[in-house]
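Mapped onto this note's numbering, the consecutive letters of the sequence shown carry residue numbers 76 to 203. Just so you know, even glycine gets a beta-carbon here, dropped at the ideal spot from N, CA and C.
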Amino acid sequence: DGLEAEEDLLKFQEKLIDRFGPVPAQTQELLNTIRLRRMARRLGFEKISLRNGFLSATFISNQDSPFFQSNIFSTVLQFIQTDHRKVRMKENNNKLSLSFREVLSVSQAIQALLPLEGMVENNRFAAT
Numbered sequence: 076d077g078l079e080a081e082e083d084l085l086k087f088q089e090k091l092i093d094r095f096g097p098v099p100a101q102t103q104e105l106l107n108t109i110r111l112r113r114m115a116r117r118l119g120f121e122k123i124s125l126r127n128g129f130l131s132a133t134f135i136s137n138q139d140s141p142f143f144q145s146n147i148f149s150t151v152l153q154f155i156q157t158d159h160r161k162v163r164m165k166e167n168n169n170k171l172s173l174s175f176r177e178v179l180s181v182s183q184a185i186q187a188l189l190p191l192e193g194m195v196e197n198n199r200f201a202a203t
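Below you can see the structure in the form of structure tokens.
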């Protein structure tokens, strides 16, 4: 997880290929796990899990955090309103989370979050 930038992750992958040959699917999925965790952090999630076809992304637990007044969180709310069939927001034990259904792999989890990340980026540029 010390590979913070995408360039670092790609360089690491190149080193793996140089040393061991083509990267197996399991290794690629592991590299995608790092990408997913970085994406989740950028979107304000402190925990993310993939189980039984559901991607669960839990927001930061401090309910008084300025995050919940931020443009990112506002964009998340907009996203839920536009794509409500596949994603739900719920609160459990005072923790707010998003749940995406029909997500079976890390790659699919990234694909599920990409539209949200795109909306956040578009709103960030629109605000500047």
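Practice task
Compare the beta carbon distance of K161 and E177 with 9 Å and say whether it is the shorter of the two.
Solution key: yes
Problem - From D83, S124, G119, residue whose alpha carbon lies closest to that of V151 - result: G119
Problem - Whole runs of the beta strand (DSSP E) within the stretch 118–188, excluding any shorter than 3 residues - result: 120–126, 129–134, 162–167, 170–176
Handout entry: Meets three-Cβ-pair contact criterion under 8 Å: the stretch 179–199 and the stretch 96–116
Key = yes
Handout entry: Where the alpha helix (DSSP H) through L78 begins and ends
Key = From DSSP, L78 is part of no alpha helix (DSSP H); its letter is neither H nor E.
Handout entry: Spatially closest choice to K170 from L78, E121, T108, N107, by CA coordinates
Key = E121
Practice task
Whole angstroms is fine: what's the gap from R199's alpha carbon to Q186's?
Solution key: 20 Å
Practice task
Enumerate in chain order the residues of its own chain whose CB-to-CB distance from V181 is below 6 Å, with the five nearest sequence positions on each side excluded.
Solution key: E104, N107, T108, L111
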